[in-house]
Every structure is written in structure tokens, then in C-alpha cells.
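Position in the sequence shown (first residue = 1) + 1171 = this note's numbering.
Note that the Cβ used here is the ideal one computed from N, Cα and C, for glycine as well.
Keep in mind it's a predicted model, so treat the numbers as computed, not measured.
Report on the following structure.
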Amino acid sequence: MTHRIAILGASGYTGAELVRLIATHPDMKIVALSADRKAGMAMAEVFPFLRHLDLPRLQKIDEIDFSGIDLCFCALPHATTQVVVSALPRDLKIVDLSADFRLRDPAEYEKWYGQPHTATDLQKEAVYGLTEFYRDDIRDARLVAGTGCNAATGQYALRPLISAGVIDLDNILIDLKAGVSGAGRSLKENLLHAELSGGTHTYSMGGKHRHLGEFDQEFSKLAGRPVHIQFSPHLLPMNRGILATTYVQGDARVIHQTLTDAYATEPFLQVLPFGALPSTRDIAGSNYCHIGVIADRIAGRAVVVAVLDNLTKGSSGQAIQNANLMLGIEETAGLTLAPMFP
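Here it is, written out as C-alpha cells:
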């Protein structure tokens, strides 16, 4: 059975990544694409790398007939999505790639995003979209909230360790490096080539990064008590990828074995042999996450390094993985393509 798919916000990076992946999906067909300022244009005009595909023209959201659509991906800006999703048919399956439904507590959403949530009924309905840990809930969900790409990377490194109680919960530091596509496609002065190339930049330091809301929510739920990590994000002049170096207190061998056991049957999560560390070039353009563990020279301390592609496993690939579950499709369908190299 071929499922009919709509993508809202198809003119952004995550929208284009959804199109790229669905183009070879055996059970999905794109029947509607939306954009705001680029409505009326062909996708080949917006993204020439997609010109070989036969795709519908971009249109306004209110011009789309959702009656024959099985699932809708929302790749829209934060705050915009909650308004749009509220107006969509209540029987339509939706995977949202924005931040609007990630946080369960409306007060936490307002704290991190600076404005009240306008669709709290939908916020209660949404299932958090970290596939490997919410699989059963996602299968039965109508609305799934995709995770933040930084939040996904850190959680893959830490969730099994928190659940198993093998690290000190009060001494966790994530030092994260992210590619520039994570900032979106909108024009920003600090992302100009002359401003970004040749340097490394910190951003949202000192506990200000919005993905900390997800870390707080998920890690505290796992531990059964408040867990607040240190998080130091950096922007690198590369197009894709996230590398999270996580510093923890615990036995490195036990940590490695815990992660190995936790992800032994996961198709997209690969734990490297003890002492081997991953690189962002190993996962570029793919739905894979690689994790490595080494012991620190200081006894009782370890380093966990996780890498993934922010546009794929951190966003659009994760969204398709969730959509596969929601539609009763094989979870890995359309997502087993090898990483790009070099």
C-alpha cells in the first residue's frame, strides 16, 4: 500500500531532507508540498538538487486538500506550527519537526520559548518522538513531536546510563559541536560565510539553550528526580552533523557495556568497540547514530562521544522513522541508505 504524504514547510532544510528521503521510500508518495513565500514555485527552482523528481508544486497550506492524505509532516518554524496543526483535520496523522509539542508542561514551554502555548490540548496529546524509547506510544499516536537534534544526540549517549544508574547524575557535562544547517535556512548575519567560516563559535551558553528543556524533562523522568546537566553548544563551519562529547563519572567499561547492551538490536544506533571514537563524517546524510566510549586518565571518569546528522537522524530521518511506525510500515523503510563519503 502506498501512503499519501504532505509536507508543510517544504522550502526549508528539513523539508528538503524529507523530500530527498521519501523519494526512494517504497511505501510513501508525496502528493502535497507547502511553502509560504515560495508558494507557486516548483521544488526544482527552490532546490535544484531535486530537479530529477516529479513533485507537486509548492502551494499555500490553505490550498491543500487533506481529505486524501494519510500523514502530514510539519517542517514549520516554532510557534507557527501550533497554530497550523490546530486547524488541520483531527483524524490526520501528523509528525511535527518543530519544538511546539516537545515539552509536556505548558509552563516549561513558556519558560524556554518565551510565549504561552496556544494549543495545550494538542500538547497533551503529542508523543515525544525519540523513536527508540517511545516506539509503542508512537505506533498508536496521531501527533508525534520530533525531538531537537541536539537533544536527541545527548539522549542517545546518556539515557541507558541514567536508567541503569551507572553514572553520577549530578556531574554530567555535554560539550556539543553542531553544523550550521541546524540554524535553519532563514538569512542571518552571523551565518554569512565571511562571519562563520574559519572559526568556531559558542552560542546559548550558560543554561540558555532551549534544548535544555528536553534534557530536563527526559532525564528527570528517567531518574525519578530532578537531573540538570551542563550543556555547552558550539557552532562549527560545516553543513551537517553533530558531535556531542559527554563527560561523566562512572566506570568506563561498565558504561560501554551498558550502551552496547541497550542498543544491541537497534538498527540505527551503533556502539563502537571500547576505545574507538566516531566522527561526523561517518554518518553524514544517514539515519545512523554512532557512539564511542573511552576511559579518562582520571580514575572513575569516562567520555562518551555520540555523532549523528542533524538533518537526518536528528530531524527528518527520525520523522520518517516515526511515520513508518504510525502507518504500520517497517520501521527502517526508506532509511537504510549508507552515509555519504567523502
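Per-residue burial, residue i [other beta carbons within 10 Å of its own, 16 or more giving buried]
i, result
"residue 1128", "In the structure as shown, the chain starts at 1172 and stops at 1513, and residue 1128 therefore has no counterpart that could be examined."
"residue 1264", "buried"
"residue 1401", "exposed"
"residue 1484", "buried"
"residue 1191", "buried"
"residue 1195", "exposed"
"residue 1404", "buried"
"residue 1254", "exposed"
"residue 1366", "exposed"
"residue 1211", "exposed"
"residue 1220", "exposed"
"residue 1299", "buried"
"residue 1480", "buried"
"residue 1468", "exposed"
"residue 1432", "exposed"
"residue 1494", "buried"
"residue 1368", "exposed"
"residue 1429", "buried"
Residue of the options minimising C-alpha distance to residue i
i, options, result
"residue 1378", "1344, 1368, 1391", "1344"
"residue 1290", "1259, 1311, 1320", "1259"
"residue 1274", "1461, 1388, 1245", "1388"
"residue 1508", "1219, 1342, 1438", "1438"
"residue 1319", "1393, 1409, 1413, 1226", "1413"
"residue 1420", "1187, 1444, 1177, 1473", "1473"
"residue 1172", "1513, 1506, 1498", "1498"
"residue 1457", "1445, 1427, 1490", "1490"
"residue 1349", "1188, 1492, 1482", "1482"
"residue 1394", "1231, 1340, 1213, 1241", "1340"
"residue 1312", "1346, 1448, 1293", "1293"
"residue 1232", "1216, 1213, 1256", "1256"
"residue 1241", "1202, 1297, 1176", "1176"
"residue 1329", "1226, 1248, 1416, 1179", "1416"
"residue 1222", "1229, 1407, 1214", "1214"
"residue 1199", "1244, 1228, 1185", "1244"
"residue 1383", "1322, 1189, 1470, 1278", "1322"
"residue 1183", "1486, 1496, 1495", "1486"
"residue 1442", "1380, 1327, 1409, 1385", "1327"
"residue 1338", "1372, 1423, 1189", "1423"
"residue 1374", "1406, 1197, 1385", "1406"
"residue 1188", "1476, 1197, 1218", "1218"
"residue 1325", "1179, 1461, 1180", "1461"
"residue 1197", "1179, 1174, 1277", "1174"
"residue 1229", "1267, 1408, 1181, 1296", "1181"
Residue i, DSSP secondary structure in three states
i, result
"residue 1199", "strand"
"residue 1405", "strand"
"residue 1346", "strand"
"residue 1323", "helix"
"residue 1424", "helix"
"residue 1477", "strand"
"residue 1463", "strand"
"residue 1398", "coil"
"residue 1328", "helix"
"residue 1351", "helix"
"residue 1205", "strand"
"residue 1416", "strand"
"residue 1191", "helix"
"residue 1115", "No answer is possible for residue 1115: the residues shown for the chain start at 1172 and end at 1513."
"residue 1335", "helix"
"residue 1491", "helix"
"residue 1373", "strand"
message: Which runs of the beta strand (DSSP E) at least 3 residues long sit entirely within the stretch 1217-1305? Give them in chain order.
response: Contiguous beta strand (DSSP E) elements confined to the stretch 1217-1305 occur at 1242-1245, 1264-1267, taking only those with 3 or more residues.
Contiguous beta strand (DSSP E) assignments of at least 3 residues, all confined to the stretch 1430-1457: For the stretch 1430-1457, whole beta strand (DSSP E) runs of length 3 or above, ordered along the chain, are 1440-1442.
- prompt: Is the stretch 1451-1463 touching the stretch 1305-1322, taking contact as three or more C-beta pairs under 8 Å?
  reply: Look at the beta carbons and you see the stretch 1451-1463 not touching the stretch 1305-1322: under three pairs across the two are nearer than 8 Å.
The stretch 1495-1506 touching the stretch 1200-1218, judged by at least three CB pairs closer than 8 Å: They do not touch, by the three-pair rule.
message: With three or more beta-carbon pairs closer than 8 Å as the criterion, would you say the stretch 1275-1285 touches the stretch 1235-1244?
response: Taking 8 Å as the limit for Cβ pairs, the verdict is that the stretch 1235-1244 does not touch the stretch 1275-1285.
query: Can you find at least 3 beta carbon pairs, one from the stretch 1333-1350 and one from the stretch 1309-1318, that sit closer than 8 Å?
result: No, they do not touch.
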